[in-house]
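Engineer:
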Amino acid sequence: MIIAYGIANLLQSVAAARTTVHHTFDPGLLLRLAGHRTYLVGLACQVGGFVLAFLARRDLPLFLVQASVAAGLGVTAILGVVVLKWRLPLAEVVLLALLFAGISALVLAARPAPSRQLGPAGLVALLVVLVAIAVAGFFAVRLHGAPGSVALGSLAGLAFSAAAVAARPLASTPSAEVFVRNPLLYLLIAHSIVGQLLLGLAMQRGSTTAAVAAMDAAGALPAAIVGLLLLNDKIWPGREWLAGVGFLVTLGAVIGLTRYAEPQHHHAAGSDRGRAMAGAGQPL
């Protein structure tokens with residue numbers, strides 16, 4: 000799952016950098032991005048990661064699954080070194096080690112348990128959040144540069160976080176018929192589409208790693224809180240401190256990694272985009 004999301008981040012960012020920048024909340028951007036084979040391969044990796052994450056949410060708490068999804072940025076940084084010849088400073092090596100340590104702490108702290116189901120109030124809340132994110136995205140798309148990347152990436156993170164909240168109880172449905180009839184499925188799809196559109200818009204504004212970091216930072220905490228409060232997410236007794244430290248270390252390492260990956264991504268996706276595309280396509 001972590002590897003799939005890391006590959007998806009890298010390939011989708013290259014494709015987004017090669018697409019005309021959009022200044023409106025236009026779903027047609029997804030169709031234009033679909034015209035890039037690199038983006039489609041990245042999207043396939045993201046779908047694969049999403050399926051694995053969906054299956055993991057059946058029994059694992061959201062704070063572990065969402066932190067693991069965020070850790071995909073570490074894989075993106077490693078792939079940037081291997082495929083696009085990014086430099087690997089000592090500080091980034093330390094951050095990657097912290098990322099591994101944080102995820103390991105979360106694995107040790109997480110206690111598997113089936114999800115509690117959301118009631119009608121939860122469904123309404125997810126619908127309201129969807130509308131609010133779409134409205135905020137309509138205005139945030141007018142921002143340019145790094146502020147636009149951060150704002151749109153944060154909204155994408157909230158959308159994916161809401162999708163994760165919907166996925167946790169949905170993964171525990173007893174049959175395919177109940178699964179298809181469950182309103183959570185369609186809320187999950189809607190949040191995922193809006194999140195994907197917002198992420199594509201964020202990546203176009205020149206700072207892919209800032210967009211992904213903002214997405215992870217904004218999306219990990221709300222899902223973790225909702226999971227612990229409402230969805231029966233569990234921590235092994237006496238390991239609450241380990242879960243808290245692991246979550247903060249993981250998120251901090253993900254955000255820290257953006258400092259080193261961002262300028263190198265600009266070089267790969269800017270004046271030398273063609274070579275980056277060739278380098279990203281051949282090894283994969």
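Position 53 of the sequence shown, counting from 1, maps to 52 under numbering that gives the first Met the number 0, and the rest follow consecutively. We treat Cβ as the ideally placed atom computed from N, Cα and C, and that holds for glycine. Quantities reported herein were computed from a predicted structural model and do not represent experimental measurements.
1) Tell me the start and end of each unbroken beta strand (DSSP E) in the stretch 110 to 160 that is at least 3 residues and wholly inside, in chain order.
2) Could you say which of N8, R110, G5 lies nearest to E239 if we only look at CA atoms?
3) How many angstroms separate the CA atom of R204 from the CA atom of L196?
4) For a quick check, are the C-beta atoms of P60 and A112 less than 9 Å apart?
5) Kindly confirm or deny that the stretch 63 to 83 and the stretch 178 to 195 touch, where touching means at least three C-beta pairs closer than 8 Å.
6) Going by the CB atoms, is the gap between L9 and G255 shorter than 9 Å?
7) To which residues of the same chain is A155 closer than 7 Å at the C-beta, ignoring the five residues directly before and after it?
8) Label I1 either buried or exposed according to how many other C-beta atoms from any shown protein chain fall within 10 Å of its C-beta, with 16 as the threshold for buried.
9) Please determine, among A158, A70, Q65, L230, the residue with the shortest C-alpha to C-alpha distance to G118.
10) Measuring alpha carbon to alpha carbon, tell me which residue in G101, L89, V74 is nearest A242.
11) What residue range does the alpha helix (DSSP H) around A170 cover?
12) Output the boundary residues of the alpha helix (DSSP H) element that contains R180.
13) Considering only the beta carbon of each residue, do L157 and P221 sit closer than 9 Å?
14) Per the DSSP calculation, I234 is bridged to which residue(s)?
15) Measure the alpha-carbon distance for H21 versus A135 and round it to whole angstroms.
16) Note the first and the last residue of the continuous alpha helix (DSSP H) segment covering R36.
17) Beta-carbon within less than 6 Å of V55's beta-carbon, same chain only, minus the 5 sequence neighbours each way: which residues are those?
18) To the nearest angstrom, how far is the alpha carbon of A170 from that of F178?
19) If we ignore side chains and look at the alpha-carbon of each, how far apart do A3 and A124 end up?
20) Would DSSP call M0 helix, strand or coil?
21) Does the separation of the CB atoms of S67 and A52 fall below 9 Å?
22) Please state whether DSSP places P88 in a helix, a strand or coil.
23) If distances are taken between C-alpha atoms only, which option among S174, G251, T172, L129 comes closest to S160?
24) Going straight from the alpha carbon of G147 to that of A212, what length do you get?
25) For a test of the three-state rule: what should DSSP assign to P221, helix, strand or coil?
26) Helix, strand or coil: how does DSSP classify A252 here?
27) Go ahead and label S114 buried or exposed: buried means 16 or more other beta carbons lie within 10 angstroms of its beta carbon, across all protein chains shown.
28) Out of A133, L247, G5, point me to the one whose CA is closest to G47's CA.
Structural biologist: Result, derived from the coordinates:
1) none
2) R110
3) Each residue's Cα considered, the two are about 13 Å apart.
4) yes
5) no
6) no
7) G194, L197, L198, A201, M214
8) buried
9) Checking every option, the nearest Cα to that of G118 belongs to L230.
10) The shortest Cα separation from A242 among G101, L89, V74 belongs to G101.
11) Counting along the chain, A170 falls outside any alpha helix (DSSP H), and DSSP gives it neither H nor E.
12) 175 to 180
13) Contact flag set, yes.
14) A109
15) Here H21 scores only 48 on pLDDT, less than 50, and its place in the model is too uncertain to base an answer on.
16) 36 to 55
17) Inspection of the sequence shows that residue 55 is occupied by Ala rather than by Val. Excluding residues within five positions, the ones whose Cβ falls inside 6 Å are V64.
18) 8 Å
19) 30 Å
20) coil
21) yes
22) coil
23) When only C-alpha atoms are compared, the closest one is L129.
24) Computed Cα separation, rounded: 13 Å.
25) If DSSP states are grouped into helix, strand and coil, P221 belongs with the helices.
26) When DSSP states are grouped into helix, strand and coil, A252 belongs to the helix group.
27) buried
28) G5
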